[in-house]
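Chemist:
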Amino acid sequence: MLDGKVVVVTGAGRGIGRDIALMMAAKGGRVIVNDLGGAADGAGADATPAQEVVNEIRAAGGEAVANFGNVAKPEDARGMYEQAMDEFGAIDVVVNNAGILRDVIFHKMTESDWDSVIAVHLKGSFNMAQAVAQQFKMQASGCFLNFTSTSGLIGNFGQANYSAAKMGIVGLSKSLALDMARFNVRSNCIAPFAWSRLIGTIPAKTDAEKARVERIKEMTPAKIAPLCVALAAPDCDVTGQIFCIRNNEIFLMSQPRPIRSVHRSEGWTPETVREHALPAMKASFYDLDRSADVFSWDPI
1 MLDGKVVVVT
11 GAGRGIGRDI
21 ALMMAAKGGR
31 VIVNDLGGAA
41 DGAGADATPA
51 QEVVNEIRAA
61 GGEAVANFGN
71 VAKPEDARGM
81 YEQAMDEFGA
91 IDVVVNNAGI
101 LRDVIFHKMT
111 ESDWDSVIAV
121 HLKGSFNMAQ
131 AVAQQFKMQA
141 SGCFLNFTST
151 SGLIGNFGQA
161 NYSAAKMGIV
171 GLSKSLALDM
181 ARFNVRSNCI
191 APFAWSRLIG
201 TIPAKTDAEK
211 ARVERIKEMT
221 PAKIAPLCVA
231 LAAPDCDVTG
241 QIFCIRNNEI
251 FLMSQPRPIR
261 SVHRSEGWTP
271 ETVREHALPA
281 MKASFYDLDR
291 SADVFSWDPI
């Protein structure tokens with residue numbers, strides 16, 4: 001399906017990224033397997049995870065090379081582009097999957113907690129896109145797969161940094177789709193449900209939260225890869241969309257659109273907003289839902 005296309009997968013040493021890299025290679029892709037090898041909170045570095053995935057791909061007859069760069073650093077992102085061109089002479093797909101978590105209730109969140117998560121998820125996705133944008137434009141082709149989360153799309157406790165980064169990625173992905181459509185470059189978002197070491201850091205104190213974690217454990221990272229490969233295929237024309245995957249379910253997620261309007265010909269005052277506008281729209285207000293409230297049924 002990918003027929004020699006060159007794919008960069010960030011955060012590919014473990015979990016979701018690993019399975020994406022393996023399937024991209026199995027379907028004919030030549031893969032740059034990037035992973036800094038840090039802990040779930042971003043601390044440290046280890047070349048082993050990325051190299052092990054490369055070894056696994058090569059043992060199966062595929063083509064892959066390892067990269068140990070940090071997506072939060074523009075020079076490392078540029079290095080991935082240069083490595084792809086040096087090793088394979090091309091770059092066709094960028095999968096922005098790398099991420100960390102530093103979960104904490106907002107009033108206890110530090111600036112470091114905020115900056116580190118934004119740097120890896122949002123700035124990292126920007127860095128990777130910026131590194132390859134000119135090449136994609138020149139060759140009039142390319143594909144971005146950007147990983148978002150229902151923590152941003154819907155909401156979750158203790159993840160203001162992560163949620164903000166993931167919603168920022170939605171805006172980045174849509175902008176890439178709009179700005180680069182004229183060059184035949186596509187960009188889509190994917191929100192995965194899958195058990196990983198990052199999900200394993202989410203606190204589960206109540207019986208309901210513990211039960212939800214047990215359900216998530218049943219959803220393996222390998223379930224995410226097929227959609228990624230399908231969207232990366234050169235004959236796919238889908239762009240500007242947000243998908244969610246939960247076990248054997250694939251969802252197309254909504255994007256913000258007006259759902260209710262009110263007007264007054266004479267304009268508004270604070271008093272008439274309170275008396276008219278807000279009560280008129282109240283029935284359409286959203287509750288303070290979390291992901292588990294919206295996806296309330298067991299995975300299929």
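When we follow UniProt numbering, the leftmost residue of the sequence shown carries the number 1, and every step to the right adds one.
Here a beta-carbon is modelled for each residue, glycine too, at the ideal position from N, C-alpha and C.
DSSP state of R30, grouped into three classes?
Modeler: strand
Chemist: If I'm right that V132 touches Y81 with Cβ under 8 Å, what's the distance once you round it to whole angstroms?
Modeler: 5 Å
Chemist: Identify the residues that DSSP records as bridge partners of N67: which are they?
Modeler: N34
Chemist: Could you tell me the alpha carbon to alpha carbon distance between A211 and S296, rounded to whole angstroms?
Modeler: 12 Å
Chemist: Quick one: what does DSSP say C228 is sitting in, helix, strand or coil?
Modeler: helix
Chemist: So L101 is in the alpha helix (DSSP H); what residue range does that whole segment cover?
Modeler: Per DSSP, L101 belongs to no alpha helix (DSSP H) and is neither H nor E.
Chemist: Does the beta-carbon distance from G42 to I118 come in below 8 Å?
Modeler: no
Chemist: Go through the stretch 241-281 residue by residue and report every complete run of the alpha helix (DSSP H) that reaches 4 residues or more, in order.
Modeler: Runs of the alpha helix (DSSP H) inside the stretch 241-281: 278-281.
Chemist: Could you compute how far the alpha carbon of L231 sits from the alpha carbon of V31?
Modeler: Cα to Cα, the separation comes out at about 16 Å.
Chemist: Enumerate in chain order the residues of its own chain whose CB-to-CB distance from V54 is below 6 Å, with the five nearest sequence positions on each side excluded.
Modeler: Cβ within range, chain order: V33, A64, A66.
Chemist: Only counting runs of 3 or more residues, tell me where the beta strand (DSSP E) segments fall wholly within the stretch 84-138, in order along the chain.
Modeler: 93-96
Chemist: Taking the beta strand (DSSP E) that G142 belongs to, which residues open and close that run?
Modeler: 142-147
Chemist: Check whether the stretch 174-192 touches the stretch 266-283, counting contact only when three or more Cβ pairs, one atom from each stretch, lie closer than 8 Å.
Modeler: No, the stretch 174-192 is not in contact with the stretch 266-283.
Chemist: My output table needs one value for P192: the three-state DSSP class, helix, strand or coil.
Modeler: strand
Chemist: Sorted by chain position, which residues of the same chain lie with C-beta nearer than 6 Å to A21's C-beta, five sequence neighbours on each side aside?
Modeler: V9, A12, V31, V33, V53
Chemist: Taking 8 Å as the cut-off, does the stretch 158-166 touch the stretch 101-112 (at least 3 CB pairs, one atom from each stretch)?
Modeler: yes
Chemist: Which residues does DSSP pair with R186 in a beta bridge?
Modeler: Paired residue(s): C143.
Chemist: Could you check if I154 is buried or exposed, using at least 16 other CB atoms within 10 Å of its CB as the buried criterion?
Modeler: When all chains shown are included, I154 counts as buried.
Chemist: If contact is defined by three or more beta carbon pairs under 8 Å, each pair taking one atom from either stretch, is the stretch 216-224 in contact with the stretch 260-275?
Modeler: Contact fails: fewer than three Cβ-Cβ distances are below 8 Å.
Chemist: Determine the direct distance from the alpha carbon of A191 to that of residue 301, and round the result to whole angstroms.
Modeler: In this structure the chain extends from 1 to 300, so residue 301 is not present and cannot be described.
Chemist: Within the continuous beta strand (DSSP E) that includes V238, where are the two ends?
Modeler: In this chain, V238 is not harboured by any beta strand (DSSP E), its DSSP state being neither H nor E.
Chemist: How many Å lie between E111 and D35 at the Cα?
Modeler: Taking the straight line from one Cα to the other gives about 25 Å.
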